[in-house]
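In this note's numbering, the protein residues as written are 62 to 174.
First up is the structure itself, then whatever we jot down about it.
Structure follows, in C-alpha coordinates:
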(Lines of atoms letter the chains of each structure in order from A and count residues from 1; the text may use other names and numbers.)
(Lines give C-alpha, C1' and ligand atoms only; values in the text may rest on other atoms or scores of the structure.)
Protein backbone atom coordinates (compact mmCIF):
# COMPACT_ATOMS: atom_id res chain seq x y z
CA UNK A 1 0.00 0.00 0.00
CA UNK A 2 1.44 3.40 -0.95
CA UNK A 3 1.82 6.26 1.53
CA UNK A 4 -1.06 8.14 -0.11
CA UNK A 5 -3.31 5.05 0.09
CA UNK A 6 -2.37 4.56 3.76
CA UNK A 7 -3.32 8.15 4.61
CA UNK A 8 -6.58 7.91 2.66
CA UNK A 9 -7.49 4.65 4.40
CA UNK A 10 -6.96 6.24 7.84
CA UNK A 11 -8.98 9.33 6.91
CA UNK A 12 -11.85 7.23 5.57
CA UNK A 13 -12.05 5.15 8.75
CA UNK A 14 -11.92 8.18 11.04
CA UNK A 15 -14.55 10.11 9.09
CA UNK A 16 -16.90 7.16 9.27
CA UNK A 17 -16.44 6.91 13.05
CA UNK A 18 -16.49 10.59 14.02
CA UNK A 19 -20.25 10.99 14.23
CA UNK A 20 -22.13 12.20 17.32
CA UNK A 21 -24.80 9.51 16.97
CA UNK A 22 -22.09 6.83 17.05
CA UNK A 23 -21.45 7.75 20.69
CA UNK A 24 -24.75 9.20 21.89
CA UNK A 25 -27.33 7.52 19.69
CA UNK A 26 -30.21 8.91 17.68
CA UNK A 27 -32.35 11.92 18.67
CA UNK A 28 -35.05 11.09 21.23
CA UNK A 29 -38.70 12.11 20.80
CA UNK A 30 -40.96 12.26 23.87
CA UNK A 31 -43.79 14.43 25.21
CA UNK A 32 -43.81 16.75 22.21
CA UNK A 33 -40.04 17.37 22.39
CA UNK A 34 -37.13 16.20 20.31
CA UNK A 35 -33.79 15.98 22.11
CA UNK A 36 -30.67 15.95 19.94
CA UNK A 37 -27.24 15.36 21.52
CA UNK A 38 -24.50 17.86 20.62
CA UNK A 39 -20.81 17.00 20.92
CA UNK A 40 -17.40 18.33 19.99
CA UNK A 41 -15.53 15.85 17.83
CA UNK A 42 -11.78 16.01 17.24
CA UNK A 43 -9.64 13.52 15.44
CA UNK A 44 -6.00 13.18 14.51
CA UNK A 45 -3.84 10.76 12.66
CA UNK A 46 -0.31 10.00 11.64
CA UNK A 47 1.39 7.74 9.18
CA UNK A 48 4.80 6.97 7.83
CA UNK A 49 6.54 4.74 5.37
CA UNK A 50 9.97 3.80 4.21
CA UNK A 51 11.29 2.54 0.95
CA UNK A 52 14.35 0.68 -0.12
CA UNK A 53 15.79 -0.66 -3.32
CA UNK A 54 15.09 -4.08 -1.87
CA UNK A 55 11.37 -4.85 -2.08
CA UNK A 56 11.50 -6.95 1.13
CA UNK A 57 12.70 -3.95 3.16
CA UNK A 58 9.79 -1.59 2.50
CA UNK A 59 7.32 -0.82 5.24
CA UNK A 60 4.92 1.65 6.69
CA UNK A 61 2.06 2.14 9.04
CA UNK A 62 -0.30 4.59 10.56
CA UNK A 63 -2.99 5.17 13.08
CA UNK A 64 -5.45 7.66 14.43
CA UNK A 65 -7.75 8.51 17.23
CA UNK A 66 -11.02 10.24 17.98
CA UNK A 67 -12.13 12.32 20.96
CA UNK A 68 -15.84 13.01 21.47
CA UNK A 69 -16.96 15.32 24.28
CA UNK A 70 -20.58 16.09 25.15
CA UNK A 71 -21.42 19.79 24.87
CA UNK A 72 -25.16 19.75 25.47
CA UNK A 73 -28.47 18.99 23.80
CA UNK A 74 -30.86 20.75 21.47
CA UNK A 75 -34.40 20.68 22.78
CA UNK A 76 -36.92 21.21 19.99
CA UNK A 77 -40.59 21.84 20.71
CA UNK A 78 -43.40 23.18 18.56
CA UNK A 79 -42.87 26.65 20.06
CA UNK A 80 -39.10 26.96 20.36
CA UNK A 81 -35.66 25.44 19.96
CA UNK A 82 -33.08 25.91 22.68
CA UNK A 83 -29.57 24.70 23.41
CA UNK A 84 -28.98 23.29 26.90
CA UNK A 85 -25.25 23.39 27.66
CA UNK A 86 -23.36 20.93 29.83
CA UNK A 87 -21.25 23.40 31.81
CA UNK A 88 -17.73 21.96 31.98
CA UNK A 89 -16.31 25.08 33.65
CA UNK A 90 -18.50 24.63 36.72
CA UNK A 91 -17.35 21.02 37.11
CA UNK A 92 -13.70 22.07 36.80
CA UNK A 93 -14.10 24.76 39.47
CA UNK A 94 -15.81 22.32 41.84
CA UNK A 95 -12.98 19.83 41.31
CA UNK A 96 -10.31 22.47 41.96
CA UNK A 97 -12.07 23.70 45.10
CA UNK A 98 -12.39 20.13 46.40
CA UNK A 99 -8.70 19.50 45.69
CA UNK A 100 -7.71 22.72 47.47
CA UNK A 101 -9.86 21.84 50.48
CA UNK A 102 -8.39 18.34 50.72
CA UNK A 103 -4.87 19.74 50.37
CA UNK A 104 -5.44 22.18 53.24
CA UNK A 105 -6.87 19.40 55.42
CA UNK A 106 -3.85 17.16 54.75
CA UNK A 107 -1.38 19.98 55.53
CA UNK A 108 -3.21 20.82 58.77
CA UNK A 109 -3.25 17.20 59.86
CA UNK A 110 0.45 16.77 59.04
CA UNK A 111 1.44 19.92 60.95
CA UNK A 112 -0.35 18.71 64.13
CA UNK A 113 1.87 15.63 64.36
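For every residue, glycine included, the Cβ atom is placed at its ideal position computed from N, Cα and C.
- Judged by DSSP in its simplified three-state form, residue 70 adopts helix.
- Across the set 98, 125 and 67, the C-alpha of 98 shows the shortest separation from the C-alpha of residue 144.
- CA-CA distance, residue 142 to residue 135, rounds to 7 Å.
- Annotation: the continuous alpha helix (DSSP H) that includes residue 162 extends over 149-173.
- Where residue 132 is concerned, the enclosing beta strand (DSSP E) starts and stops at 120-137.
- Annotation for residue 98: the continuous beta strand (DSSP E) segment containing it runs 94-111.
- Bounds of the beta strand (DSSP E) holding residue 146 are 142-146.
- The C-alpha of residue 91 lies about 10 Å from the C-alpha of residue 138.
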